[in-house]
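Participant:
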Amino acid sequence: MDRTAAGIAKATEMGVPMNIAVVDAGGHLLHFSRMEDAWLGSIDITIRKARTAAFFRTPTAAIGELSQPGGDLYNIEVTNGGLVTFGGGLPIVSGDRVIGAVGASGGQVAEDTAVAEACLA
31 MDRTAAGIAK
41 ATEMGVPMNI
51 AVVDAGGHLL
61 HFSRMEDAWL
71 GSIDITIRKA
81 RTAAFFRTPT
91 AAIGELSQPG
101 GDLYNIEVTN
111 GGLVTFGGGL
121 PIVSGDRVIG
131 AVGASGGQVA
141 EDTAVAEACL
151 A
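Each residue of the sequence shown is one higher than the one before, counting from 31 in this note's numbering.
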């Protein structure tokens, strides 16, 4: 299963080189794609976005809202070996179960999210 193909097509359409990761429900890396010229610094971010979405079974942007100072999850990003709490990570749902997650990074947060969404389409 290569969920990244649709994401790569979306990133190409947008003209934004991306890194895309797919993890299983336990956060273990299943697949990684790096487009030519995608930021090297976003490789780790990409994987952490996917892991975060899998661990918490929710989009990373939603966790970001709760992790602001004074929020219920403030400082959560320093747990679990480092989490990412901004958009671009989405859970993969089958029926009512989260079976994994996808993370995308290399552009603005809205671009990362659009690419992650394309991977789920």
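Note that beta-carbon positions come from the ideal geometry of N, C-alpha and C, so glycine has one too.
Just so it is clear, the structure is predicted and the values come from calculations on it, not from any experiment.
Smallest Cα separation from Pro47: which of His61, Trp69, Thr76, Leu59?
Facilitator: Trp69
Participant: Here's the rule: buried if 16 or more other CB atoms are within 10 angstroms of the residue's CB, otherwise exposed. What is Glu141?
Facilitator: Flag for Glu141 reads buried.
Participant: Pop quiz: Ala131 and Ala92 are said to be a contact at Cβ under 8 Å. What is the actual Cβ separation, rounded to whole angstroms?
Facilitator: With a Cβ gap of about 13 Å, Ala131 and Ala92 do not count as contacting.
Participant: Mind checking whether Leu59 and Pro89 have CB atoms under 7 Å apart?
Facilitator: no
Participant: Beta carbon of Gly118, beta carbon of Ala146: below 7 Å?
Facilitator: yes
Participant: Alpha carbons only, please: which of Asn110, Ser63, Asn105, Tyr104 is nearest the one belonging to Gly155?
Facilitator: Here the chain covers residues 31 to 151 and nothing more, so residue 155 does not appear.
Participant: Would you list the residues sitting across from Ile50 in a DSSP beta bridge?
Facilitator: Ser63, Ala134
Participant: Leaving out five residues before and five after Met31 in sequence, what residues of the same chain have Cβ atoms less than 7 Å from its Cβ?
Facilitator: Note that Met31 has pLDDT 49, beneath the 50 cutoff, so the model's placement of it is unreliable and the number below is only indicative. Taken in chain order, the list of residues that qualify is empty.
Participant: If you run the structure through DSSP and keep just helix, strand and coil, what is Leu120?
Facilitator: strand
Participant: With burial defined as no fewer than 16 other Cβ atoms inside 10 Å of the residue's Cβ, what is the status of Ser124: buried or exposed?
Facilitator: So Ser124 counts as exposed.
Participant: Are the beta-carbon atoms belonging to Arg33 and Val52 less than 7 Å from one another?
Facilitator: Yes, the Cβ-Cβ distance between Arg33 and Val52 is below 7 Å.
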